[in-house]
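Chemist:
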Amino acid sequence: MLKNNLFVKVALGSLLLIFLRLELVFSDLLPTGGDMGAHIVPTKFFVTELFNNFKLSGWSQDWFAGYPVYYFYFPLPPIITSLLNFLFPFSISFKTMVLISQVLLVVSIEMLMRKNSKEFSFYGFGVGLLYLLTESFTIFGGNLASSLAGQYSFTYSIAFANLSIFYLIKSKYRYSTEIASLLIGLSVLSHLIPFMIYLPIFAFYFLKSDTKIYKKISAFLFFLFIAMRFSISLFLNLEFTTNMTYTPYTQISDLVKSDILPFVIGAVIYIISSSSKTSLKAISGFEIYLLSISIYLFFYGPESALWNGGIVPFFNLGIIILFFNLLHFDIKNLTKKIQGKYPLIIFILSNQLLLYVFVLFQMGKHLFNNNYKRNFNCFVYVFNFNKL
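By our numbering, the letter at position 77 of the sequence shown is numbered 705, and the numbering carries on one by one without gaps.
#1: Can you tell me whether Y874 is buried or exposed? The criterion is at least 16 other CB atoms within 10 Å of its CB, across all chains shown.
#2: Rounded to whole angstroms, how far is the Cβ of S861 from the Cβ of S818, which I believe are closer than 8 angstroms?
#3: Quick one: measure Cβ to Cβ for Q730 and L648, integer angstroms, because I've assumed they're closer than 8 angstroms.
#4: Looking only at its chain, what residues have a beta carbon closer than 7 angstroms to the beta carbon of I668, apart from the 5 residues adjacent to it on each side?
#5: Taking contact to mean at least 3 C-beta pairs separated by less than 8 angstroms, is the stretch 796-814 in contact with the stretch 843-859?
#6: Just to check my reading of the structure: F673 and L740 have Cβ atoms closer than 8 angstroms, yes? What is that Cβ distance to the nearest angstrom?
#7: Just to confirm, are P706 and V734 a CB contact at a threshold of 8 angstroms?
#8: Quick one: residues in its chain with C-beta nearer than 7 angstroms to the C-beta of F718, no 5 flanking neighbours on either side, listed in chain order?
#9: Can you tell me the Cβ-Cβ gap for F942 and I825, rounded? I've got them flagged as a contact below 8 angstroms.
#10: Restricting to Cα atoms, I'd like to know which of E915, S799 and S764 is closest to E747.
#11: Less than 8 angstroms between the beta carbons of D663 and A777, yes or no?
#12: Within the continuous beta strand (DSSP E) that includes V884, where are the two ends?
#13: At the level of alpha carbons, what is the spacing between N681 and R857?
#14: In the structure shown, what three-state DSSP assignment does P828 receive?
#15: If you compare alpha carbons, which of I854, L814, L820 and S809 is closest to L835?
#16: How about A895 and I947: are their beta carbons less than 8 angstroms apart?
#17: Between F952 and A666, what straight-line distance do the alpha-carbon atoms span, to the nearest angstrom?
#18: Quick check on this structure: which residue in G770, S764 and S685 has the alpha carbon closest to the alpha carbon of G756?
#19: Compute the beta-carbon to beta-carbon distance between N936 and P876, rounded to the nearest angstrom, for a pair I have assumed lies under 8 angstroms.
#20: Would you report the Cα separation of G641 and A693, rounded to the nearest angstrom?
#21: Considering only their Cβ atoms, is the gap separating V653 from M727 smaller than 8 angstroms?
#22: What does a CB cutoff of less than 7 angstroms around P822 pick up in its chain, not counting 5 residues either side in sequence?
#23: Between Y851 and K909, is the Cβ-Cβ spacing less than 8 angstroms?
#24: With DSSP as the reference, label S764 as helix, strand or coil.
#25: Cα separation between G752 and G661?
#26: Since Y695 is in the beta strand (DSSP E), which residue starts that stretch and which ends it?
#27: Since I888 contacts S764 with CB under 8 angstroms, what's their CB separation in whole angstroms?
#28: For G686, name the three-state secondary structure that DSSP assigns.
#29: State yes or no: is the C-beta of I939 within less than 8 angstroms of the C-beta of S922?
#30: Can you give me the C-alpha to C-alpha distance between I897 and G913, rounded to a whole angstrom?
#31: Ignore the nearest five residues each way along the sequence and tell me which others in D704's own chain have a CB closer than 7 angstroms to its CB.
#32: Where does S775 land, buried or exposed, given buried means 16+ other C-beta within 10 angstroms?
#33: With I812 as the anchor, note down where its alpha helix (DSSP H) starts and where it stops.
#34: Quick check: the Cα distance between L1036 and V697, rounded to an integer number of angstroms?
#35: Taking the alpha helix (DSSP H) that F863 belongs to, which residues open and close that run?
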């Protein structure tokens, strides 16, 4: 079956690596874009001083009288770098760690959008790639631009959180509950904000599942074992952290970015033009939760606890998943009525043309630059390949 063809999966994975510029990863240079340069020094210290001594935090003398290392920041990415450092020089290990976060994010979205646990989702892969390549922000986290500016921990956390939801609601594996607890634990070890956003929906699915109570207790204890060491040191020393309260965004345009606006409009059109029962069949509670919590926290969240700019990646993910779930459901129903290969190809090409017209109309030609066309072409190719 085409959807489970190993060659196709390898081809799509190669396509992803082409976008991620694999040849630069294996050059003996260090990235310095955005906040990335500030992460190199503590990561190097972790690899050479902490990891070899089985420590997660310590004290560095690299700046005046020194400073605490990894008491307040997340240890999983430097742990991954330390493991890779057994195989590669530090520069390549560091960049490979960042690269893994991008691949893991796309894989997590693909798995999250599967019909079942074993069937590869082509359109899920396309959605993951599209989300990764959004370019309207460069520091909030989640997309490629933010990850290369130093927010790779944020990307790891989203990816692990997505995978934890997948193992809770779609996986039929015997130990899926325990794996989900492990993954949500890895999420908190990667970044606190995605963990806090995903925790309510994770807890809901966790408590709702028909897993036996003793397995839930053991899974919860497993999570505590994973997250306790870092969490205790973080919360006991919170009084020493810097106030991260920036001026909050207040405009709708700050939440709904230019490259996401077409999908917002498209989702609204789909919902309004379809009967309520038809729309509900294509919508899951996960994307509705992401959209609801994002909108609420962006406009009404406490300013002292969370900068609302960090909410934008979750809104983007929710609206992209919602739009393409609706689109996929609609196309699936229409293709059932089309008999024969050539009418189907004509239908797909006309659908692609309509999508281009829609994007051009909503975003304007000045936004439809070469990068956006490349990203959109990539998604349309993957999505249409699934239909053929």
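All C-beta atoms, glycine included, are put in the ideal place defined by N, C-alpha and C.
Modeler: Straight from the coordinates:
#1: Counting Cβ neighbours within 10 Å, Y874 comes out exposed, since fewer than 16 surround it.
#2: That belief does not hold up - the Cβ atoms of S861 and S818 are roughly 16 angstroms apart, past 8 angstroms.
#3: Approximately 6 angstroms separates the beta-carbon atoms of Q730 and L648; this is inside 8 angstroms, confirming the contact.
#4: Here the set comprises L658 and F722.
#5: Counting C-beta pairs with one atom in each stretch, the stretch 796-814 and the stretch 843-859 have three or more that are closer than 8 angstroms, which means they touch.
#6: About 35 angstroms separates the two Cβ atoms, so there is no contact after all.
#7: In this structure, V734 does not lie closer than 8 angstroms to P706 by Cβ.
#8: Cβ neighbours of F718 beyond the five flanking positions: K672 and V675.
#9: The distance from the Cβ of F942 to that of I825 is about 6 angstroms, consistent with a contact at the 8 angstroms cut-off.
#10: Residue S799 is the option with its Cα nearest to E747.
#11: Cβ atoms of D663 and A777: closer than 8 angstroms.
#12: Taken as a continuous stretch (DSSP letters only), V884 belongs to no beta strand (DSSP E), as it is neither H nor E.
#13: One C-alpha to the other measures close to 16 angstroms.
#14: When DSSP states are grouped into helix, strand and coil, P828 belongs to the helix group.
#15: For L835, the nearest C-alpha among the options comes from S809.
#16: Yes, Cβ-Cβ distance for A895 and I947 is below 8 angstroms.
#17: Distance between the alpha carbons of F952 and A666 is about 37 angstroms.
#18: Relative to the Cα of G756, the nearest Cα in the group G770, S764 and S685 belongs to G770.
#19: At roughly 5 angstroms, the Cβ-Cβ gap stays under 8 angstroms, so N936 and P876 are in contact.
#20: Near 46 angstroms, if we compare the C-alpha coordinates of A693 and G641.
#21: Contrary to the premise, residue 727 reads as Leu rather than Met in this sequence. Cβ distance < 8 angstroms, so L727 and V653 count as in contact.
#22: Around P822: F782, S785, I786, A789 and S815.
#23: The displayed chain sequence assigns Phe, not Tyr, to residue 851. F851 is not a Cβ neighbour of K909, given a cutoff of 8 angstroms.
#24: For S764, the three-state secondary structure derived from DSSP is coil.
#25: Answer to the nearest angstrom: the Cα atoms are 29 angstroms apart.
#26: That run of the beta strand (DSSP E) goes Y695 to V697.
#27: In this structure I888 touches S764 by the C-beta definition: roughly 7 angstroms separates them, less than 8 angstroms.
#28: In the structure shown, G686 sits in a strand (DSSP, three-state: E or B).
#29: Yes; because the gap between Cβ atoms is below 8 angstroms, this pair is in contact.
#30: Distance from the CA atom of I897 to the CA atom of G913, rounded to whole angstroms, is 19 angstroms.
#31: Contrary to the premise, residue 704 reads as Leu rather than Asp in this sequence. Excluding sequence neighbours, L704 sits near Y784, L814, L817 and S818.
#32: Per the 10 Å Cβ criterion, buried.
#33: For I812, the enclosing alpha helix (DSSP H) stretches over residues S804 to S818.
#34: Here the chain comprises residues numbered 629 to 1016, so residue 1036 is not present and cannot be evaluated.
#35: Per DSSP, the unbroken alpha helix (DSSP H) holding F863 starts and ends at I841 to L864.
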